[in-house]
Every structure is written in C-alpha cells, then in structure tokens.
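J.:
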Ligand code: SAM
C-alpha cells in the first residue's frame with residue numbers, strides 16, 4: 079500500500095499557488111501510539127508542512143497520508159469526553175427543533191465514530207445511519223444499537239444507501255471534513271444523498287481560533303484543511319450548493335458550524351453569513367503575512383515553554399502531562415519535550431493506557447497514578463479540557479501541585 083501522496087494543486091481551487099508557511103518537518107502520526115519499547119526503532123515519520131493557497135486562501139497540508147493508514151484502526155473514541163457527549167446532545171436537540179424532524183426523518187452522520195451524535199436522535203426514535211471506516215469504533219456504535227456502515231464516504235456508497243434507506247433530511251460531518259483530502263467526492267456524495275430541501279451540517283476547527291489562540295498543535299497528518307468561511311463559500315458554490323447559516327462553537331478550541339443546502343432549496347440565507355465574511359476580511363485571512371506572523375508566535379511559544387520546563391527540571395521538580403490527545407503529540411514532538419521533561423502522561427481513555435506517545439516515547443497511564451506518585455507540575459496537553467481537569471484535581475492544587483497551560487503562551491496556574 080502506498081501510504082503517502084503529494085498534492086500538486088490546492089484541494090479546493092486546483093491552483094498551484096501554494097506557499098509553504100509552516101514547517102514541522104518529519105513527524106510520526108499523532109495517533110500512532112506505540113505498544114512497547116521494541117516499536118521505537120521502526121517508527122514511521124511523514125512530512126508535516128502547512129501551505130497557504132494564494133488563490134482561494136485555504137490553509138492546508140499537501141503531504142497526504144493514506145486514510146487507510148490513519149483511520150482503519152482508530153484510537154480516538156468521541157464519547158470518552160462527557161463534554162463532547164453534552165455538546166452533541168445539544169447539537170442534535172437543536173437540529174430536531176430547527177428542522178422539525180420526525181420519526182420518519184433520516185439523519186446520516188459521516189465519520190460517526192462511536193455514534194456520539196446519532197445516539198440522541200436514536201433515543202427519540204428518529205432513523206439514523208452512521209458511516210465510519212474505523213472498524214473498532216464502528217463496532218462500539220453498533221453495540222449501542224446505532225446502525226453503522228463500516229466504510230469511507232463516497233459517491234458510490236451514497237447510491238447504495240439511497241437504494242436501501244432513501245435520501246436524508248440531515249447529513250452531518252463533525253470533525254471529519256477537514257480530515258478528507260478528496261472533498262469533491264464528499265460534495266458529490268452529499269448532493270446525491272440529500273433531499274431537495276435537506277441540510278448538510280459540518281463542524282470544522284475554525285481558522286480564526288487557530289490563529290488567535292496559537293493552536294499550532296492541532297496541526298497533524300489527519301488535519302489536512304484549516305478552514306475559514308471564505309474558501310468554503312467558493313467550494314460549495316462550485317458544487318451547486320450554498321451556505322445558508324454559520325455558527326461559532328467552542329469545541330476543539332473553537333469551531334465553525336456551517337449549514338449547507340442545494341442551490342434550489344427553499345431555505346433563506348442568514349445575515350450571519352455575510353457578517354462573518356466581513357469579520358474574516360478584517361482579520362486579514364487572505365494575506366500571506368498573517369501566516370508568517372503566526373509561525374513567529376509559535377517559535378516564541380516553543381522557546382518560552384521549553385525554557386520553563388528546563389528551569390523546573392533543574393530544580394528537580396517532577397513534571398507529568400495530562401491528556402494524550404493527538405495535538406499533544408504535535409506539541410511534544412515539535413517542542414522536543416520527551417522523557418527528560420515528563421515522567422509520564424495520564425489520560426482518561428483506557429484505550430491509551432500503557433502505550434507510548436509517538437516520537438516522544440512517554441508512557442501513558444491511568445489517572446489513578448496521580449495519587450500514587452504526586453507530581454509537582456502537571457502540563458495540560460488536553461488544553462481544551464483544562465477547566466474540567468483543574469476542577470477534578472482541585473485537591474491536588476490544595477496540596478501544592480501546579481498546572482501549566484502550554485498555549486498560546488505557557489501559564490502556571
Ligand atoms: N464525528 C466524530 C466527532 O466529532 O467526535 C468523530 C471525529 S474523528 C476526529 C474523525 C472520524 O471520521 C473518525 O472516526 C474517522 O474514522 C472518520 N473518517 C475519516 N475519514 C472518513 C471518511 N472519508 N468518511 C467517513 N468517515 C471518515
């Protein structure tokens with residue numbers, strides 16, 4: 079299997095006006111946790127570099143790791159986080175209300191993972207169908223009675239779905255559209271599968287939050303597009319679809335929820351769409367210099383955090399990490415943080431326990447370890463759950479343990 083390909087042109091506009099703006103260099107896959115020390119030598123590295131399209135302004139990766147390598151057996155299980163369960167319950171409730179869904183409605187979720195978003199609809203008796211290529215997580219969904227097809231989304235698959243289930247009133251794609259290289263195939267499939275008046279709703283990490291909050295660590299091989307509304311408008315227009323509404327949501331450090339329909343649907347376009355476009359203009363997202371400045375801020379962040387950790391180690395402080403999310407691995411590897419700095423990392427997902435982080439080779443343990451070996455400092459790698467983590471471990475703070483937030487610049491709490 080060829081596990082790496084290189085795009086010569088922009089994913090959206092097919093122009094070759096691609097400029098390198100951020101170079102991470104060769105990096106291991108952020109979710110490729112290692113089972114034992116024997117695996118360290120054979121670890122694979124792939125280029126991780128970010129390009130800006132000077133034509134349609136999409137920020138993107140052009141070195142594409144095969145989705146089969148990335149997703150066939152996947153360690154990310156969405157329902158591990160109670161915050162995400164709540165987020166998707168609220169999302170489903172809003173969709174049911176806004177689009178007056180009935181028991182006969184069909185809701186399809188692309189990249190449905192363990193069924194986190196489909197569960198609340200299923201509870202209401204609405205027909206659901208998940209599309210999830212990762213066999214292990216798709217099985218979790220099926221164990222929870224969520225009807226799931228184990229496959230990658232494609233036009234061909236939509237023909238099969240239409241034959242068996244009919245067309246969908248709602249199609250969702252949360253945190254997966256930015257993971258797919260061939261988004262033309264997604265547009266074709268969605269257009270085919272959607273009812274005339276149906277709505278396609280996607281959630282993608284939002285470029286403005288990425289830049290404003292210095293979320294460079296969300297760059298890894300799975301995240302191949304860094305979207306703002308501007309290139310998305312161009313994209314959907316090209317496929318006879320239009321964006322009718324947008325919403326900023328807080329997940330993953332700040333995301334954009336985008337509502338898309340066929341060009342001839344009866345849905346009205348919300349004034350929020352133009353408002354957000356104007357805002358994006360004011361943020362200079364179409365200027366190359368915006369991205370060069372971002373790269374400089376990351377270097378400052380790197381220097382500040384590594385200096386802080388070095389000083390703490392000189393004082394013989396015990397430091398551990400909290401959370402082993404994929405983004406944590408980008409941060410650890412790019413900043414060169416390894417077992418010299420962190421004794422171990424704790425994570426709430428039992429699927430990661432006893433594994434080693436890719437590249438930095440730090441062991442992941444259960445949070446039970448915190449009470450056995452009290453650290454002096456906890457570096458929060460899962461910064462999107464910082465409040466929950468600090469609330470949960472308030473008793474450790476009372477015993478003098480301090481937390482370190484790594485981005486946008488290191489902060490001790
Ligand atoms: N939608 C869930 C959420 O928001 O928590 C899961 C997001 S997870 C980051 C991305 C999911 O999309 C993975 O479960 C992955 O296996 C799946 N996926 C990746 N490429 C896909 C494709 N081409 N079609 C359908 N699902 C895909």
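Residue numbers (our numbering): 79 to 491. Glycine included, every Cβ here is placed at the ideal spot set by N, Cα and C.
Do the stretch 239-251 and the stretch 176-193 make contact, defined as three or more Cβ pairs closer than 8 Å?
T.: The stretch 239-251 vs the stretch 176-193: in contact.
J.: Do residue 139 and residue 436 count as a contact pair if the criterion is CB distance below 9 Å?
T.: Result no, Cβ atoms of residue 436 and residue 139 do not sit closer than 9 Å.
J.: Taking 9 Å as the cut-off, decide whether the C-beta atoms of residue 402 and residue 421 are in contact.
T.: For residue 402 and residue 421, no; Cβs fall outside 9 Å.
J.: In angstroms, rounded to a whole number, what distance separates the CA positions of residue 146 and residue 304?
T.: Cα-Cα distance, rounded: 21 Å.
J.: Which residues in the same chain have their Cβ closer than 7 Å to the Cβ of residue 325, if we skip the five residues on either side of it in sequence?
T.: Result list for residue 325: 335, in chain order.
J.: State yes or no: is the C-beta of residue 167 nearer than 8 Å to some heavy atom of the ligand COA?
T.: In the structure shown, the ligand COA is absent; the only ligands present are the ligand SAM.
J.: Rounded to whole angstroms, what's the CA-CA distance from residue 313 to residue 443? Just pull it up for me.
T.: One C-alpha to the other measures close to 43 Å.
J.: Compare the Cα-Cα distances from residue 193 to each of 176, 177, 311, 163 and report the closest residue.
T.: For residue 193, the nearest C-alpha among the options comes from 163.
J.: On the three-state DSSP scale, how would you describe residue 426?
T.: Three-state DSSP puts residue 426 in coil, outside helix and strand.
J.: Taking the alpha helix (DSSP H) that residue 412 belongs to, which residues open and close that run?
T.: First-last of the alpha helix (DSSP H) with residue 412: 404-413.
J.: Which word fits residue 309, buried or exposed, when buried means at least 16 other C-beta atoms lie within 10 angstroms of its C-beta?
T.: Classification for residue 309: buried.
J.: Following a CB-centred definition, is residue 252 positioned closer than 8 Å to any heavy atom of the ligand SAM?
T.: For the ligand SAM, at least one heavy atom lies less than 8 Å from the Cβ of residue 252.
J.: Just to check, is the beta-carbon of residue 401 closer than 8 Å to a non-hydrogen atom of the ligand SAM?
T.: Because no heavy atom of the ligand SAM lies under 8 Å away, the Cβ of residue 401 does not count as near it: no.
J.: Report the option in 235, 175, 370, 423 whose CA atom is closest to the CA atom of residue 294.
T.: Per the Cα distances, 370.
J.: May I ask you to verify whether the stretch 336-350 touches the stretch 452-468, counting CB pairs closer than 8 Å and requiring at least 3?
T.: Because the criterion of three Cβ pairs below 8 Å is not met, the stretch 336-350 and the stretch 452-468 do not touch.
J.: Looking only at its own chain, which residues have a Cβ that is under 8 Å from the Cβ of residue 271, when we skip the five neighbours before and after it?
T.: Excluding sequence neighbours, residue 271 sits near 186, 236, 239, 240, 245, 246, 249.
J.: Three Cβ pairs or more, each shorter than 8 Å: is that satisfied between the stretch 197-206 and the stretch 259-275?
T.: The stretch 197-206 is not in contact with the stretch 259-275.
J.: Taking DSSP as the reference, what is the three-state secondary structure of residue 355?
T.: Correct three-state label for residue 355: helix.
J.: Alpha carbon to alpha carbon, how far is residue 409 from residue 181?
T.: Each residue's alpha carbon lies about 45 Å from the other.
J.: Quick check: what's the CA-CA separation for residue 33 versus residue 404?
T.: Any question about residue 33 goes unanswered here, given that the chain covers just 79 to 491.
J.: So is residue 118 buried or exposed if we call it buried at 16+ other beta carbons inside 10 Å?
T.: Its Cβ having fewer than 16 others within 10 Å, residue 118 is exposed.
J.: Does the ligand SAM have a heavy atom nearer than 8 Å to the CB of residue 437?
T.: Answer for residue 437: no, Cβ out of range of the ligand SAM.
J.: Quick one: is the Cβ of residue 270 within less than 8 Å of any heavy atom of the ligand SAM?
T.: Because no heavy atom of the ligand SAM lies under 8 Å away, the Cβ of residue 270 does not count as near it: no.
J.: Any heavy atom of the ligand SAM closer than 8 Å to the beta-carbon of residue 211?
T.: It does: the Cβ of residue 211 is within 8 Å (strictly closer) of some heavy atom of the ligand SAM.
J.: Can you name, in chain order, every residue of its own chain whose Cβ lies under 8 Å from the Cβ of residue 127, other than the five neighbours on each side?
T.: Closer than 8 Å at the Cβ level, and outside the excluded window around residue 127, lie 98, 100, 101, 102, 103, 139, 140, 141.
J.: Ignore the nearest five residues each way along the sequence and tell me which others in residue 504's own chain have a CB closer than 6 Å to its CB.
T.: Residue 504 lies beyond the residue range present for the chain, which begins at 79 and ends at 491; the question has no answer from this structure.
J.: Below 8 Å, is the gap between the Cβ of residue 156 and the nearest heavy atom of the ligand SAM?
T.: Yes; taking the cut-off as 8 Å, the Cβ of residue 156 has a heavy atom of the ligand SAM nearer than that.
J.: Where do the ends of the alpha helix (DSSP H) carrying residue 287 lie?
T.: Here the alpha helix (DSSP H) through residue 287 covers 285-290.
J.: Hey, which unbroken runs of the beta strand (DSSP E) at 3 residues or more fall wholly within the stretch 220-268?
T.: Listed in chain order, they are 246-252.
J.: Can you find the residues in the same chain that come closer than 8 Å, C-beta to C-beta, to residue 380, ignoring five residues on each side of it along the sequence?
T.: Counting only Cβ-Cβ distances below 8 Å, and skipping sequence neighbours, we find 412, 413.
J.: Between residue 83 and the ligand SAM, is there a pair consisting of the residue's CB and a ligand heavy atom that are separated by less than 8 Å?
T.: Result no, Cβ not under 8 Å from the ligand SAM.
J.: The ligand SAM heavy atoms versus the CB of residue 187: any closer than 8 Å?
T.: At least one heavy atom of the ligand SAM is nearer than 8 Å to the Cβ of residue 187, so yes.
J.: Please classify residue 453: does DSSP put it in a helix, a strand, or coil?
T.: In this structure, residue 453 counts as coil in the three-state DSSP scheme.
J.: Which residue wins for smallest C-alpha separation from residue 154, given the options 175, 210, 322, 130?
T.: Nearest C-alpha to residue 154: 210.
J.: Inspect the beta-carbon positions of residue 177 and residue 197 and report whether they are closer than 9 Å.
T.: No; because the gap between Cβ atoms is not below 9 Å, this pair is not in contact.
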